[in-house]
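To start, the structure under review is shown below, and the notes come after it.
Residue numbers (this note's numbering): 1321 to 1822.
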């Protein structure tokens, strides 16, 4: 329902923008409106807004003249990268297509994860990540086109202008090069121009990867790591939040007997609790006898053993335990928080400290491992969050994972935002993913992509002597581009089908 509402709002927004554009153009304000559009370089069409300017051309010229010798080596390296990336992208697309076709005949549990997955907001991209998505695409697109512009000026090709657009929800950039100048330069020069975009996307991936790996060191003056998992977000109205739950800024250091020093530890502890049997808590026989308020043991409709009077107290929980010399199971209704404050155990022997071994008292007066009487999906978890008393969570551990957001970064100063490191990390991950995808897909010899023009220049360079007739070389390039277009189209169609209908 939320996805359909968002799509409907999107259509309404673009419909309103297009209708407003038509109405103004047909009104008495049309001349003023046209002058405004011409002066600002803005144009409006169905589902798209563009901004175009020639005002950045001087900036491009200055950038192209900076460190001229090194820039030649820089863009030449981009050509070699494009050669390797073109072969690699074709191999990747063929392998992905074969893998996708095989998945069609396999059972759901036997299907392998696809390498290339289309990004669809509201389907596999959360709407609250749209800012990351749009900012990443815009940055990657601008740097991509900046590479084309600088390389073109260096090769004496005129840049007519530069623009930014937004198509529905997908932002991007473009550069307008002089076709006449472009046709007059050599194949090597064309390659340096055409390969500059994907080369810049690849370099952006490397920079984002380095930033992501060095993030703890770069943020060290402001944030410390390796001490706890810091709570940065909570879903209100859930068992995780509230006065007795977690609070923003809490430092979680332990979950039962699982130590937590980072976000990764937090996730591993939750998975460990999910995939292991119920854990118990050590309690002495004297305390069991003193606090036990058990009533007649019975089973609920869900098959869970109950021995507490739920109408009189919500703070008590039914626990089960075994005497060491008896096989029968015993039950006790005890205060949940007091009982969970004991050491975590799995058997009675886990509760025996060296001092207990010296006791001459028999087991009935010793220490027992008490297990909460719960169903298989529910756990009683003690979470040490830096405040007394520790949080006592009763429920499915997945609620901890989905309803609480944590970070490995602990602010050194109170004024620092808790979410800043996570925002930077997420942005770097999107840069790596999306800019890398732009580099891989743009270099494919496919119609309307950079790969089409790279292939054309490459055929001219390598087959110029073998095929002196320009039409023959164009035919070879067109045939390979057709195959590349079919290959990429088949991958996209299969990926969309798997995403939407599977």
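Note that the Cβ used here is the ideal one computed from N, Cα and C, for glycine as well.
Residue 1642: member of the beta strand (DSSP E) spanning 1636 to 1642, first to last residue. The alpha helix (DSSP H) runs lying completely inside the stretch 1719 to 1753 and spanning 4 residues or more are 1740 to 1750, given in chain order.
Here residue 1535 is not bridged, per DSSP, to any residue. Around the C-beta of residue 1488, fewer than 16 other C-beta atoms lie within 10 Å, and the residue is accordingly described as exposed.
In the structure shown, residue 1493 falls within a strand segment according to DSSP collapsed to helix, strand and coil. Cβ-Cβ distances below 8 Å link residue 1585 to 1549, 1578, 1579 in the same chain, with the five nearest sequence neighbours on each side left out; the list follows chain order. Going by C-alpha positions, residue 1553 is about 15 Å away from residue 1736. Per DSSP, reduced to three states, the secondary structure at residue 1349 is coil, with no helix or strand assignment.
Between residue 1520 and residue 1463 the beta-carbon gap is near 5 Å, inside 8 Å, which marks them as a contact. Going by beta carbons, residue 1601 and residue 1654 fall outside the 7 Å limit. Uninterrupted alpha helix (DSSP H) stretches at least 4 residues long and entirely within the stretch 1520 to 1595 occur at 1583 to 1594, given in chain order. Sequence-distant Cβ neighbours of residue 1635 in its own chain, meaning closer than 8 Å and more than five residues away, are 1655, 1656, 1657. With respect to the 7 Å criterion, residue 1603 and residue 1667 are not classified as neighbours on the basis of their beta carbons. Secondary structure note for residue 1394: its alpha helix (DSSP H) is the uninterrupted segment 1388 to 1424. Note: residue 1373 is bridge-paired with 1482 in the DSSP secondary-structure output. When the alpha-carbon of residue 1382 is set against those of 1421, 1410, 1472, the nearest one is in 1472. Shown here, residue 1364 sits in a strand according to DSSP, grouped into three states.
Residue 1687 carries a strand assignment under DSSP once its states are collapsed to helix, strand and coil. By the Cβ criterion, the stretch 1372 to 1381 is in contact with the stretch 1467 to 1481, since at least three pairs of Cβ atoms, one from each stretch, lie closer than 8 Å. Here residue 1653 carries a strand assignment [DSSP, helix/strand/coil].
Per DSSP, reduced to three states, the secondary structure at residue 1475 is coil, with no helix or strand assignment. Its Cα nearest to that of residue 1699, the residue 1597 stands out among 1799, 1606, 1597, 1618.
Within the same chain, 1371, 1493 come within 6 Å of residue 1484 by CB-CB distance, once the 5 residues on both sides are set aside. If the five residues before and after residue 1728 are omitted, its C-beta is found closer than 7 Å to the C-beta atoms of 1545, 1549, 1582, 1583, all from its own chain and listed in chain order. Annotation: residue 1594 to residue 1715 spans about 11 Å, alpha carbon to alpha carbon. Judged by their CB atoms, residue 1692 and residue 1637 are nearer to each other than the 7 Å cut-off. Of the residues 1756, 1780, 1695, 1688, the one whose Cα lies closest to the Cα of residue 1624 is 1695.
Take residue 1626, set aside five residues on each side of it, and the residues of its chain with a beta-carbon closer than 8 Å to its own are 1617, 1618, 1619, 1620, 1638, 1693, in chain order.
In terms of Cα proximity to residue 1416, the closest of 1335, 1400, 1437 is 1437. When the beta-carbon positions are compared, residue 1522 and residue 1759 come within less than 7 Å of each other. Pairwise C-beta distances place the stretch 1739 to 1747 out of contact with the stretch 1382 to 1398, as fewer than three of them are shorter than 8 Å.
Around the beta carbon of residue 1456, 16 or more other beta carbons lie within 10 angstroms, which makes this residue buried.
Inter-residue distance for residue 1789 and residue 1779 is about 12 Å (C-alpha atoms, whole angstroms). Annotation for residue 1779: the continuous alpha helix (DSSP H) segment containing it runs 1770 to 1783. Counting only residues of its own chain and dropping the five nearest sequence neighbours on each side, residue 1435 has a CB closer than 6 Å to the CB of 1416. In this structure, the CA atom of residue 1501 is about 19 Å from the CA atom of residue 1775.
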